[in-house]
Amino acid sequence: MQTFKNLIIGFFGILFLISSVSVDAQNVTIANSTGANGSYATLKAAFDALNAQGTQAGNNITISIDGNTTETASAVLNQPSVSSWASLSITATGSFTVSGSLSGFPLLDLNGVDNVTINGGNTLTFVNTAATNTGNTSTIRLRADATNNVITNCTIKGASTMTGTTGGGTVWFSTGTTTGNDNNTISNCTITSDGGNLVAKAIFSSGTTTNTTLYNSNNTITNCNIADYFHATSISNGIYLHQATADWTINNNKFYQTTARTQTTGTVHAAINVASNTGNNHHTISGNVIGYASSTGTGVYALDGVAGTRFYGIYFSSAGNLQSNKVEGNTITQIAITGVLSGTAANSPFVGIMVVSGLVEIGGTVPNVIGSTTSASVISFNSTSTSASEVFGIYTNQNSSITNNQIGGMTTANTSGAVLLAGMGVASSTTIRNCTIGFVNAKLENTSTNTSSQVIGLHNISGQAVYINNTISYLTTSVGNLGVNAASSVIGIVVNSNITGHNIEQNKIFALSNTNSSAAVNVVGIFYTGNTTGGAHFIQRNLVHSLSVGSNSAGIITGIHFQAGLGQLLNNMVRLGIDETGTAQTNASVIYGIRHTTTTPTNNINNNSVYIGGSNVGSIVSNTFAFFSSVTGGTRSFRNNLFVNARSNATAGSGGKHYAVSLVSTSGATINARPHQYHRYQ
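What the sequence shown shows, in our numbering, is residues 1139 to 1820, in sequence order.
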């Protein structure tokens, strides 16, 4: 009886083992191949079977993932050595995961393969759980001329922590051998970290630089959710395009962090980083959303940092100069930056779109939106540093074209160090057209208390300024900044560059304000100081109106301040003393419609129209001027201007004087005007 019982137990044990082997063998199935059809326990085993068959002439091979697999070594798929398949597709028959912990290796390695489609049907996950900074660690690697492949509808997770140019990342486009890894598409995927083990680079490309043929070219990343890429002590990126990477399309992706991140060592964190001037050209970056804490547009992308922490939405840190890159239709919003942050210009702690190197066209038919056009404070910067910070919607160090962008809903704060908040900062010869900075419900607002803090719409730091048909409005602060000229508290456009060829034309500047109730703050529509030695320079056909200060007497409002340089001030229109609704501003501030203080020999100020209005003005002594010139010499032409000062005091004969024209000297000046063109009311 015991012998029979043992036989029965042994029989069922054998059945169990057979059953277990059968289940394991059903995890991956190959069909329509030559010599490799069948079922396999792992994806590696299935790939090994295919790799053993060099002839797949014209086959449409299918591989189905029928269960979870654990890969103990890289699943390497090679291009057939004799004849290739027509297509190879990998799909899943259910919600399954292909996983492994492979330090220094990819989980899935596409080695020179062509025409492979991995369609996960939104149920297939690939994950390399190795949380390591060892080079080559990745979840999916494309190498050795992998071409015309598609990875779509998958979840791809990684945990690799290598940073910078070290090879690896969740998805890694590696080096080529003959043509480079070209014409591949990653679409509709979620590319993220493995739980709390954050990956430093979600997508990384670094190709072979020997010649342009070997570049990783014409690859597309589209409609993906790219999330939770971060490193606390080193550079981290959602997409990092390094050397020998050209002609990529990165469009309609969402970049976000599902929880707040904290840097403990200051460095750059960027959603998209174009980071080599070797063969890194002609990318199209469009329709992406950078911000929020989810793919559905909820929550806030939050980063807390230290000195040196820098957040850039789209970052051209070192791109090429052979062909222009296109950045259009992106939205950067719902971002909160906090910490002991500082830095200026190209080291700014926050910039929506930053260009340090490379040819870039920013904007086009579809605008980039940085912040919001309808909501306040959707990008917030709050520093506790005692050092200065400069925060920009867009900043460029390179000759660029900036067209049709919208920047609003940005707020900055610091109770210690000075903060400059600017819609755009330009340290190069750049053309800016048809952009809008500031909106009635989405202001640029600086709430910092340091008295050197400012708000500026377009800030020309250096280079030729060609700024045409831009709208700048609703810049505001309450800081008691006593600065003058380019250091004024609020300025629509600053041109502060000793270079030829400036043209500030057809811009609309209005509703700029400093609400401080006591300090002698300055609010300026256009501040200009330019080249003093030669060249043609124009400030023409601009409209400036409705600037305001909160102070009852000490504040100063200036429509256009022509402070220094050669130039022609032509056909501008300025209206001050009245707000944007047409209501009189009754506080007794100093007002200059056009202020001319340059000592450069030649200036033409012709065909301008200035109106200073407002009645029932307070009685504190503050003079106002439609046109004011303190220049005492040089060749000057004042022709065919219409200067009207209709401002009036609450009590006749008291308070400030209101002048149409005030000239310190007429020496060297040609004045051509009919009597009715200059009017003073009191």
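Note that the Cβ used here is the ideal one computed from N, Cα and C, for glycine as well.
Contacts around Ser1515, its chain only, beta-carbon distance under 7 Å, and the 5 residues preceding and following it disregarded: For Ser1515, where only same-chain residues beyond five positions count, the Cβ hits under 7 Å are Gly1547 and Thr1549.
Cutting at 6 Å between CB atoms, please list the residues of its own chain near Phe1368, excluding the five before and the five after it. Leu1336, Ser1374 and Arg1399, listed in sequence order.
Residues that DSSP places opposite Ile1695 in a beta bridge: Beta-bridge analysis with DSSP links Ile1695 to Val1661 and Ile1729.
Close-in-space but distant-in-sequence residues of the same chain around Ile1517 (CB under 6 Å, 5 per side omitted): Contacts found: Ile1473, Gly1509 and Met1548.
Tell me the rounded alpha-carbon separation between Ile1758 and Thr1371. Going from the Cα of Ile1758 to the Cα of Thr1371 covers about 57 Å.
What does the alpha-carbon distance come out to for the pair Ser1414 and Gln1401? Each residue's Cα considered, the two are about 24 Å apart.
Nearest candidate by alpha-carbon position, reference Ser1171, set Lys1182, Gln1461, Ala1179 and Asn1189: The shortest CA-to-CA distance from Ser1171 to any of Lys1182, Gln1461, Ala1179 and Asn1189 is the one to Asn1189.
Can you give me the start and stop residues for the alpha helix (DSSP H) that Asn1189 sits inside? Note, Asn1189: alpha helix (DSSP H), Leu1181 to Asn1189.
Using CA coordinates, which residue listed in Ser1800, Thr1405 and Ala1440 is at the minimum distance from Ala1431? Of the listed residues, the one whose Cα sits closest to Ala1431 is Ala1440.
Nearest neighbour of Val1498, chosen from Ile1664, Asn1175 and Ser1455 [CA to CA]: With distances taken between Cα atoms, Val1498 lies closest to Ser1455.
Which two residues bound the contiguous beta strand (DSSP E) that contains Trp1310? Element bounds for Trp1310: Gly1307 to Phe1311.
Measuring only the C-alpha atoms, how far is Phe1393 from Gly1621? Those two C-alpha atoms are separated by around 39 Å.
Tell me the DSSP bridge mates of Thr1740? Per the DSSP secondary-structure output, Thr1740 pairs in a beta bridge with Thr1773.
I believe Val1452 touches Ala1409 by the beta-carbon criterion, under 8 Å. Please report the beta-carbon distance rounded to the nearest angstrom. According to the sequence as given, residue 1452 is Ile; it is not Val. Right, their Cβ atoms sit about 7 Å apart.
So what does DSSP say about Val1161, is it helix, strand or coil? In this prediction, Val1161 scores a pLDDT of 41, lower than 50, which makes its location untrustworthy; the coordinate-derived value is nonetheless stated afterwards. Helix at Val1161.
List the endpoints of the continuous beta strand (DSSP E) containing Met1548. If you look at Met1548, you'll find it in the beta strand (DSSP E) that goes Met1548 to Asn1552.
Taking the straight line between their C-alpha atoms, what separation do you get for Gln1450 and Tyr1533? Per the sequence shown, residue 1450 should be read as Tyr rather than Gln. Looking at the two C-alpha atoms, the distance is approximately 10 Å.
Hey, how far is the Cα of Leu1100 from the Cα of Ser1495? Since the displayed the chain opens at 1139 and closes at 1820, residue 1100 lies outside it and no answer follows.
Contact check, Ile1664 vs Ile1631, beta carbons under 9 Å: For Ile1664 and Ile1631, yes; Cβs fall inside 9 Å.
Cα-Cα, which of Ala1674, Thr1737 and Thr1735 is closest to Ala1603? Relative to Ala1603, the option among Ala1674, Thr1737 and Thr1735 whose CA is nearest is Ala1674.
Using the three-state DSSP reduction, which class does Thr1347 fall into: helix, strand or coil? Thr1347: coil per DSSP, three-state reduction.
Quick check on DSSP: helix, strand or coil for Leu1352? Helix at Leu1352.
To the nearest angstrom, how far is it from the Cα of Asn1741 to the Cα of Ile1729? So the two alpha carbons sit approximately 22 Å from each other.
Which residues does DSSP list as the beta-bridge partners of Met1562? Beta-bridge pairing links Met1562 to Ile1532 and Leu1596.
Look up Ala1798 in the DSSP assignment and say whether it is helix, strand or coil. Strand at Ala1798.
If you run the structure through DSSP and keep just helix, strand and coil, what is Ala1440? Ala1440 falls in the strand class under three-state DSSP.
Which partner residues of Asp1320 appear in the DSSP bridge assignment? In DSSP, Asp1320 forms no bridge with anything.
So for Asn1198, helix, strand or coil by DSSP? The answer is strand: DSSP assigns Asn1198 an E or B state.
I want to check one thing, is the minimum distance from the CB of Ala1370 to the heavy atoms of the ligand MN below 8 Å? By its list of ligands, the structure shown contains no ligand whatsoever, and the ligand MN lies outside what it can speak to.
I'd like to know whether the C-beta atoms of Ser1851 and Met1711 end up nearer to each other than 9 Å. Since the displayed the chain opens at 1139 and closes at 1820, residue 1851 lies outside it and no answer follows.
Selected residue, minimal CA-CA separation from Asn1363, among Asn1291, Asn1321 and Thr1416: Out of Asn1291, Asn1321 and Thr1416, Asn1291 has the C-alpha closest to the C-alpha of Asn1363.
Looking at Asn1608 and Asn1130, is the spacing between their C-beta atoms short of 9 Å? What is shown of the chain runs 1139 to 1820, which leaves residue 1130 out entirely.
Proximity winner among Ala1457, Thr1553 and Gly1481, relative to Gly1446 (alpha-carbon distances): Just measuring C-alpha positions, the residue of Ala1457, Thr1553 and Gly1481 sitting nearest Gly1446 is Gly1481.
Status (buried if at least 16 other CB within 10 Å, exposed otherwise) for Ser1805: Around the C-beta of Ser1805, fewer than 16 other C-beta atoms lie within 10 Å, and the residue is accordingly described as exposed.
In the DSSP assignment, what residue or residues form a beta bridge with Ser1611? Per DSSP, Phe1648.
Where Asn1623 falls: helix, strand or coil (DSSP): Asn1623 falls in the helix class under three-state DSSP.
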